[in-house]
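To start, the structure itself, in C-alpha cells.
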Amino acid sequence: MSSLATSSSLLRRQPRISSSYLLSVPLLTAGASLLLLFQTSSMTSDGYTLRELEASRQVEQQQLYRLEAEIAGLQSLAYVERVASQKLGMVRTSQPVFLAVSRSPISRELAQHRPPAAVKAGASGAPGWLAPLIELTREAARVVSTLGQPQAVARP
Amino acid sequence: MKPLRLRLVMGALAVMAAALALRVAYLQTVEHADYRDQAAAEHVAQEQVVAHRGSILDRNGRPLATTMEVYDILVRPDQVQRPAESAEILASILDLPYSQVLATVTRPEPGQWLRLARSVPSEAGQRVAALHWTPVRAEKRVTRLYPEGNMAPSVLGLVGRDHVGLAGIEADFNAELMGRHGTLRYERDSTGRAIPLGERRLTPPQAGSDVVLTIDRFIQRAAEVELDRAIAKHQASGGVVIVANPQTGELLAVANRPSFDLSQLDLEKPIDLALFRNRAVTDQYEPGSIFKVITMAAAVDGGVVLPATTYMDTGVVVKYGWPISNWDGKANGLTDMVGLLRHSANVGAVWVADRVGPARFYEYVRRFGFGAPTHSELSGEASGAVRDHTSEGWRPIDLSTNSFGQGISVTPLQMIAAIGAVVNGGVLMRPYVVKELRGPGETRRWQPVAVRRVISPESSTTLREMMHASLDGGEGTKLASVPAYEAGGKTGTASIPAAGGYSERTIASFVGFLPYRNPQLVVLIRVDEPKDIPWGSVVASPVFRAIAQQAMHHLRVPPASLVAGRS
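Chains A and B, in that order, give the protein sequences.
Residue 99 in our numbering sits at position 99 of the first sequence, with consecutive numbering throughout.
Residue 238 in our numbering sits at position 82 of the second sequence, with consecutive numbering throughout.
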C-alpha cells in the first residue's frame with residue numbers, strides 16, 4: 001500500500017513544471033544557437049582575414065625580392081659606370097699613382113689605440129678616457145706635422 | 157491465392173532490397189576509394205606552390221642571376237565595355253601612357269587576347285588581378301633577372317620556362333637552386349573558390365640555395381670587355397679568357413666568345429646550341445708555343461737543363477726526315493734557356509725535348525693534367541688528346557712537335573691549371589668555380605684541392621724567373637708588360653689543323669702571371685683566327701696587360717716597387 005501511495009504522489013508532482021522553466025529552454029537553445037552563429041561568423045571573418053594576410057605576405061615577399069633585384073641593378077658595374085661617366089662626368093684613369101707613406105712607431109701605436117668599452121667617470125667628473133685621448137690627439141697632430149712628404153714610387 | 161501473391165510480391169521486394177543492399181555494399185567497399193577520390197577532386201583543390209629559385213652570386217655576394225615574380229597583362233578588346241574608363245584605370249596601375257593602353261583596348265581584333273604589358277612587377281599585377289575584370293587577365297610567371305647584364309653567360313647558363321636549368325651552373329646545380337616546391341590543398345565551393353572554414357593543408361615550399369661562385373664580377377667584366385675589344389680590333393672569330401688564382405685554383409673570370417645574350421634571351425625562338433658551349437672547358441686546341449713552358453718545366457725539374465744551359469740555334473733542324481724551323485725562320489745562334497723562351501724557338505724546344513726523352517716528357521705532361529679532365533665541376537669538360545710514346549700510332553717525330561705544342565690537344569682550363577702549377581710552387585690545383593652553397597639551413601663550402609705535386613718548389617721558382625726574364629725584352633712581349641707590376645708570361649701562335657696538315661688560320665694566345673715573385677693571378681688569353689695579325693705577342697699580349705692591370709688594382713695588390721721598398 002505504501003509503495004502505491006508513493007508512486008501516485010510522484011504522478012501528481014509531474015505536471016507541476018513551471019512555465020518559466022519551459023520558456024527558458026527555447027531561450028537557452030536560441031542563445032546557444034546565436035552564440036554558435038556568432039562564433040561561426042567570427043571564424044569565417046577571421047578565415048578571410050587570414051587569407052588576405054597570407055596574400056599580403058606573399059606580395060610583401062615578392063616586393064622584397066623585387067627591391068633586392070633593384071638594389072643589385074643599381075649596384076651593377078654597368079650602371080655605376082654609366083652614372084659615373086654620364087652624370088658625374090668621371091673618366092677612367094690611365095695610370096694610378098701609388099704613394100708609400102712611412103709610418104712612425106708612435107703612429108702605429110696610435111692606430112692600435114681604442115677607447116675603452118665602458119666609460120668610467122674620472123675624479124674631475126669627466127669620462128676617464130677623455131684626458132688620455134686629448135693627449136693622444138695632440139701627440140697625433142705632432143706626429144703628422146713631422147711626417148715627410150709622401151713618396152711617389154709608381155713607374156712612369 | 158492471396159497469401160501466395162502477397163508472398164510473391166514480398167519475395168520480389170526482398171530480392172530487390174537485397175540487390176540494392178548488395179549494390180550499396182559493393183559501392184561502399186570495392187569502389188569506395190574511386191568514388192572518394194572523385195568526390196575529393198570535385199571538392200578539394202590542389203595547387204603547387206613554386207619555391208623561390210636561389211640566386212647565383214659572385215665571390216663577393218653580388219647577384220649575377222636572381223629570381224622575381226612578374227605578371228603579363230592580357231586584354232580582350234572586344235569584351236571591354238567602357239574602353240576609355242578601363243584604359244584610364246589600367247594606365248594608372250601599370251604606369252603606362254593612357255594613349256598606349258587605350259590603343260590596345262580598342263584594337264579591332266575580336267576574339268583575341270592581346271598583351272598589354274609584359275613583366276609587370278608583382279604588386280601592380282596583383283592589383284590588376286584584384287579588379288576581377290573578365291576581359292583583363294593577369295598571368296603570373298617567374299622570371300630570371302641578371303642585374304649585371306650579360307655577364308658570364310656560358311658559366312651561368314640559363315633556365316627554361318619550367319624553371320629548370322638547361323645549361324651552365326643553372327643546370328649543374330639545378331636541384332640545389334630550385335629548392336622544393338610546396339603544395340596547397342583546400343576545400344572549394346561550387347564556384348571553385350576556397351571555403352574559408354574548409355580544410356586547408358599547406359606543405360610549405362623550401363626556397364632554393366644560393367650558389368656563390370669564385371667569379372669576381374669586376375675581373376669578369378674586365379675580361380669580357382677586353383676580349384670583345386681584341387676580337388673587334390683583329391676581326392677574330394672568337395676567343396677565351398680565363399683568370400685564376402694559381403695558389404687555390406679559383407677561377408676569377410671565364411669569358412667566352414661567341415656566346416649568347418642573357419638579357420635578350422627569347423626561348424620561343426630557335427637557339428643556336430653552339431653558343432651555349434663553355435669553350436673554356438669544352439673546346440680542345442693545339443696550344444702552340446705556350447706549351448714550351450711545360451717542356452721547359454720537365455727539363456728543369458728533371459735536372460736536364462739550367463737557365464744558363466746553351467744550345468746552338470741554327471734556325472732549322474731536321475728530325476726523322478722532317479724539317480722543323482723557328483716561327484720566324486731566324487737562327488738565334490748560341491742561346492740559353494731564357495733566350496729559348498724569349499725567342500720562342502721551336503728548334504730549341506726540340507733540342508730540350510730530346511734531352512728530356514719521351515718517357516720523362518710524357519710523364520710530366522700527364523702529371524700536369526693533360527689528357528684528363530680537371531674535374532672542375534663545369535659540365536661538358538673535354539679531356540684533351542695526348543698521344544704518348546706508349547700509344548698506338550705514336551712516332552718519334554711526335555716528341556719534337558709536341559715540345560712546341562703541336563700534335564697535342566688541350567683545353568684552355570687544362571692549360572691554365574698547368575701554368576698555375578708551374579708558378580705556384582709546383583702543385584697542380586684543381587680549378588673550381590663554385591665557392592659556396594648557401595642553403596636555408598646549412599652552408600656548404602668548397603676548399604682548394606691540391607691534385608698532386610708536379611715539380612719541386614725550387615724548379616717552380618726557377619721557371620717563374622725564367623718566364624719573367626723572357627717577358628722582359630721578348631718578341632713583342634713589351635705589349636704584355638703591366639705598369640708598376642712585375643709579370644711573367646709566354647706567347648703562343650698555333651696553326652689550326654686542317655685535313656692533311658695545317659691551315660693558314662691561327663690561334664693567338666698568351667699566358668701570364670703576376671706578381672712574378674708571389675703570383676696572385678694567372679691569365680690565359682686565346683683569340684681565335686685574327687684576320688690582320690696572327691701573332692699572340694701582338695694580338696693577345698695587350699689583352700693580358702689590360703686585364704692584369706685592372707685586376708691588380710681591384711685586388712689591391714701593391715706594385716712591385718712598393719713591395720721591394722718594404723722588403
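A virtual CB, placed ideally from N, CA and C, is assigned to each residue, including glycine.
Within-9 Å CB hit, Arg163/B to chain A: Not an interface residue.
Neighbourhood of Gln706/B by C-beta, 6 Å cutoff - its chain only, sequence neighbours within 5 removed: Sequence-distant partners of Gln706/B (beyond 5 residues in either direction) whose C-beta falls short of 6 Å from its own C-beta, in its chain, are Ala378.
Pick from Leu272/B, Ala505/B, Phe416/B that is closest to Lys475/B, judged by C-alpha positions: Ala505/B
Check whether Leu365/B and Gly210/B have beta carbons under 9 Å apart: Note that residue 365/B is Ser in the sequence shown here, rather than Leu. Yes. Within cutoff.
Proximity test, Ala454/B beta-carbon vs the ligand COA heavy atom, cut-off 8 Å: Annotation note on the ligand COA: not contained in the displayed structure, which lists no ligands.
Proximal chain B residues relative to Met90/A, where beta-carbon distance stays under 9 Å: Result: empty, since nearest Cβ-Cβ is about 16 Å, beyond 9 Å.
Per DSSP, the bridge partner or partners of Arg293/B: Leu230/B
Environment of Arg620/B [buried if 16+ CB atoms lie within 10 Å]: buried
C-beta neighbour in chain A for Arg204/B, strict 9 Å: It should be pointed out that residue 204/B corresponds to Gln in this sequence rather than to Arg. No - not a single Cβ of chain A is within 9 Å of the one on Gln204/B.
According to DSSP, residues forming a beta bridge with Met468/B: Leu490/B
Residue-level contact to chain B via CB, Ala84/A, 9 Å cutoff: no
Those residues which DSSP pairs with Pro479/B across a bridge: Val474/B
Residue range of the unbroken beta strand (DSSP E) whose run includes Ser659/B: Unbroken beta strand (DSSP E) run through Ser659/B: 657-670.
Cβ-based burial, Ser565/B [other Cβ within 10 Å; buried from 16]: Taking all protein chains in view, the Cβ of Ser565/B is crowded by 16 or more other Cβ atoms within 10 Å, so the residue is classified as buried.
Residues from the region 210-228 of chain B in contact with chain A, defined by Cβ distance under 8 Å: Arg218, Pro219, Thr222, Thr223, Met224, Glu225
For Asn401/B, three-class secondary structure by DSSP: coil
Whole-angstrom C-beta distance between Ser415/B and Ser310/B, which should lie under 8 Å: Confirmed, about 5 Å.
Residues, ordered as in the chain, of the region 701-712 of chain B that lie near chain A by beta-carbon distance below 9 Å: Gln705, His709
Straight-line gap, Arg601/B to Ser532/B (C-alpha atoms, nearest Å): 15 Å
C-alpha distance - Asp510/B paired with Pro552/B, whole-angstrom precision: 10 Å
Under 7 Å by beta carbon: chain A residues contacting Leu301/B: Ala69
Where Ala250/B meets chain A, residues with beta-carbon distance less than 9 Å: Just to set this straight, residue 250/B is Leu in the shown sequence, not Ala. Near Leu250/B there are no residues of chain A at all, since even the closest Cβ is about 15 Å away, more than 9 Å.
Any C-beta of chain B under 9 Å from that of Leu77/A: yes
Status (buried if at least 16 other CB within 10 Å, exposed otherwise) for Ala400/B: buried
The region 333-343 of chain B contacting the region 353-372 of chain B, beta-carbon criterion three pairs below 8 Å: Yes, they touch.
Span of the beta strand (DSSP E) around Thr359/B: For Thr359/B, the enclosing beta strand (DSSP E) begins and ends at 356-359.
Backbone secondary structure at Pro596/B - three-state DSSP: coil
Opposing strand residues paired with Val206/B [DSSP bridges]: As DSSP reads the structure, Val206/B sits in no beta bridge.
Whole-angstrom distance between Ile351/B and Phe38/A, CA atom to CA atom: 18 Å
When Pro239/B, Gln268/B, Trp269/B are compared against Ser255/B, the one with the closest alpha-carbon: Pro239/B
Beta carbon proximity, Ala411/B to chain A, threshold 9 Å: no
Beta-carbon gap between Lys448/B and Lys634/B smaller than 9 Å: Against a cut-off of 9 Å, the Cβ pair of Lys634/B and Lys448/B comes out as no contact.
Cβ-based neighbour list, Ala464/B, same chain, cut-off 8 Å, excluding 5 preceding and 5 following: Asp492, Met493
Residues from the region 16-32 of chain A in contact with chain B, defined by Cβ distance under 9 Å: none
Exposure label - Tyr191/B; buried when at least 16 CB within 10 Å: Exposed, since its Cβ has fewer than 16 Cβ neighbours within 10 Å.
9 Å Cβ cutoff met for Ala664/B and Val678/B: The answer is no: Cβ separation not under 9 Å.
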